[in-house]
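Engineer: Just add 64 to the spot in the sequence shown (first one is 1) and you have our numbering.
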Amino acid sequence: MANTASWLRGAALYQIYPLSFLDADGDGWGDLEGVLSGLDHIASLGVDGVWICPFYPSPLADFGYDVADHRDVDRRMGNLATFDRVLEAAHARGLKVIIDLVLGHTSDEHPWFRASRRSRSGPLADRYVWADPAPDGMPPNNWLSVFGGSAWTWEPRRRQYYLHHFLSSQPSLNLHDAACLQEMLDTAAFWLERGVDGFRIDAVDFFAHDPELRPNPALGWQGEPPVKLFGLQRHVHDMMHPTIRTVLERLRAVADRYEGRVLLGELSSQPGGSQRIARYTAPGGLHAAYTLGVAKQPFGARPFAEALTGVDDPGAICWSLSNHDVERAISRWLPDGADPERFNALLAALFCALPGTVCLYQGEELALPRATLAQAELRDPFGKTYWPEFQGRDGSRTPLPWRADADHCGFTAASAPWLPVPAAHRAHAIDRLDARPDGPLAVWRTTLALRRAHPALRHGAVAAVEAEGAVLAFERVAEGERVLAVINTADAPAELSLKHRPRATPLDLPRPAGAPPAEVTADGRTLVLPPLTAWLGLA
Ligand code: BGC
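Here you go:
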């Protein structure tokens, strides 16, 4: 199947972080039975599918991204039969299901690592990346872990170091090893056989490294060093090795054995993102590249304009404005003093106008702000290492609020959920927003419906991208339809000359109560945009 023909193109996905979605068995952790109960809420948004974050057996050191068995379900989350019911129930509601596939590393509790760390011989000896120490006992090179410190940890039994790009309890798999790669391809086939519609493939840029283990060059810094050490190197040898494309091709060959299955690969935010999007999504590779590229930049017209024009095929991008790894967009980007509901409507309009795939993170439909946690409440090891300068990712991982008046907002019947539900999230609870026709939830439903109703918004090519000051404008063009999207990213009024499109007619974008609409002047030549307001029109 050509990438452009896949269902993923133009689709809107909803990201489920199952540990925080809904706890059905009352142990304080979200589970797959909870996902099952919440599917109607997701279907009511009008999305095309869900991406479910890891639910595999795991010691939860990295909250599921440390997998101890790739072909089972963690007992706290359910079992394979529960998963099958989730799949069936999602499909019955017309929702596709893609799951996280963590191919690049395992938990140190995985049986492969337990065996591999014991001895330099045996069938699993090369399943991970092992290297001798430098003559002075230091690690084999200067590579750093994303979460802090060296990327190498000493294993006394083998008298060797092992590589880990993330936690030391997440040893990196050696995908250069044929048997290792084959195991992971068979894992993909295992889930495809069960009927999943595809994968969100975790941390693709870390799949392969320089086999000679050459050191990374220093990036250098001016003044004070940055908080996160990982930012001090040019990551030219520890990651993003050209052989990654071969791994993706092998995976694609597996996916193509099944009808309509898709590969969505997560790219890092390292420089060269546009080239990697093009390389990884060229025919025979990924169907789309999931990136937080724009989410990690300041909010404004230019980063979006650059992302839209930086690749030949912006339809190969899967955009997300928030996820479980970054601060929620509404807190990260809200200008000081601005109205969050108005900003929410702006984000919804922008999101729904973007080409390719769009991915909404659970809670984003509720305009949920970041949770501020005390140091003692932190779970994320990344945050614990860098506290207080960087407070980690827990602030965007707190449980979804379902019922405003219930304990822990109805997320769990346990006395304490694994992360607290902030009191400020009550006002955002699903039952409360369900009852508000002009609230954030209604805004997302209506805006997503607009995307579905207009072939240009869903499948159209991108044209005429402009960033004029704070105003982002671009067109989406499909056969028989041309939609102009205009986004005023500033908390100040703005204008855009409609020049060659004087007869543009507005589409009906939802607005929060009291927010004035953008309007075209009587002569049809100028669009007048109130602060933080979007306008979509048929051009
Ligand atoms: C996931 C993170 C995780 C990391 C290591 C990612 O990019 O989204 O949550 O910590 O991979 O698996």
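Just so you know, even glycine gets a beta-carbon here, dropped at the ideal spot from N, CA and C.
When you compare only the Cα positions, how much space is there between Leu536 and Trp397?
Structural biologist: Each residue's Cα considered, the two are about 16 Å apart.
Engineer: Give me the Cα-Cα distance between Ala125 and His518, rounded to the nearest whole angstrom.
Structural biologist: Roughly 43 Å separates the two Cα atoms.
Engineer: Of the choices Leu437, Leu296 and His492, whose alpha-carbon is the least far from that of Pro404?
Structural biologist: It is His492.
Engineer: Straight-line CA distance for Tyr120 to Arg540?
Structural biologist: Rounded to whole angstroms, Tyr120 to Arg540 spans 39 Å at the Cα level.
Engineer: Which residues in the same chain have their Cβ closer than 7 Å to the Cβ of His134, if we skip the five residues on either side of it in sequence?
Structural biologist: Excluding positions up to five away in sequence, the list reads Tyr120 and Thr251.
Engineer: Which class does Phe363 belong to by DSSP, given the choice of helix, strand or coil?
Structural biologist: In this structure, Phe363 counts as coil in the three-state DSSP scheme.
Engineer: Name the two residues that bound the continuous beta strand (DSSP E) containing Ser338.
Structural biologist: Looking at the DSSP string, Ser338 is not in any beta strand (DSSP E); the run it does join, the alpha helix (DSSP H), is Gly337 to Thr345.
Engineer: Do you know offhand how far His169's Cα is from Ala487's?
Structural biologist: Cα to Cα, the separation comes out at about 37 Å.
Engineer: Would you please state the rounded distance, in angstroms, between the beta carbons of Pro347 and Asn67? I believe it to be under 8 Å.
Structural biologist: Contact holds; Cβ gap of about 7 Å.
Engineer: I need the DSSP call for Trp25, collapsed to helix, strand or coil.
Structural biologist: Outside the modelled stretch of the chain, which goes from 65 to 603, sits residue 25, for which no answer is possible.
Engineer: Going by beta carbon distance, what residues of the same chain come within less than 8 Å of Leu514, once the five residues before and after it are set aside?
Structural biologist: Closer than 8 Å at the Cβ level, and outside the excluded window around Leu514, lie Cys416, Leu521, Leu571, Asp572, Leu573 and Leu600.
Engineer: Please report the Cβ distance between Gly90 and Ala558, rounded to the nearest whole angstrom; I am assuming they are in contact, meaning their Cβ atoms lie under 8 Å.
Structural biologist: Actually they do not touch by this definition, with Cβ atoms about 50 Å apart.
Engineer: I'd like the list of long-range same chain contacts for Val260, defined as Cβ closer than 8 Å, with 5 residues on each side in sequence excluded.
Structural biologist: Leu151, Val161, Ile162, Ile163 and Arg325.
Engineer: If Ile394 sits next to Gly420, beta carbons under 8 Å apart, how far is it from one beta carbon to the other, in whole angstroms?
Structural biologist: With 8 Å as the limit, Ile394 and Gly420 do not qualify as a contact, their Cβ atoms being about 22 Å apart.
Engineer: Cβ of Tyr81 within 6 Å of any heavy atom in ligand 1?
Structural biologist: False, no ligand heavy atom lies under 6 Å from that Cβ.
Engineer: Taking 8 Å as the cut-off, does the stretch 578–592 touch the stretch 443–454 (at least 3 CB pairs, one atom from each stretch)?
Structural biologist: Cβ pair count under 8 Å is below three, so no.
Engineer: Which residues does DSSP list as the beta-bridge partners of Glu370?
Structural biologist: Its beta-bridge partners do not exist; DSSP assigns none.
Engineer: I want to check one thing, is the minimum distance from the CB of Tyr129 to the heavy atoms of ligand 1 below 6 Å?
Structural biologist: Yes - ligand 1 has a heavy atom lying nearer than 6 Å to the Cβ of Tyr129.
Engineer: Return yes when the C-beta of Phe85 is under 6 Å from any heavy atom of ligand 1, and no when it is not.
Structural biologist: No.
Engineer: Below 6 Å, is the gap between the Cβ of Ala359 and the nearest heavy atom of ligand 3?
Structural biologist: Ligand 3 is absent from the structure shown, which contains only ligand 1.
Engineer: Starting from Leu312, trace the alpha helix (DSSP H) both ways and give me its first and last residue.
Structural biologist: Ile308 to Ala319 is the span of the alpha helix (DSSP H), which, as asked, contains Leu312.
Engineer: Tell me the DSSP bridge mates of Asn552?
Structural biologist: Paired residue(s): Val535.
Engineer: Tell me whether Gln79 sits in a helix, a strand or coil according to DSSP, three-state version.
Structural biologist: Residue state, collapsed to three classes: strand.
Engineer: Just list the residues that DSSP pairs Arg434 with in beta bridges.
Structural biologist: Note: Arg434 sits in no beta bridge, so no partner.
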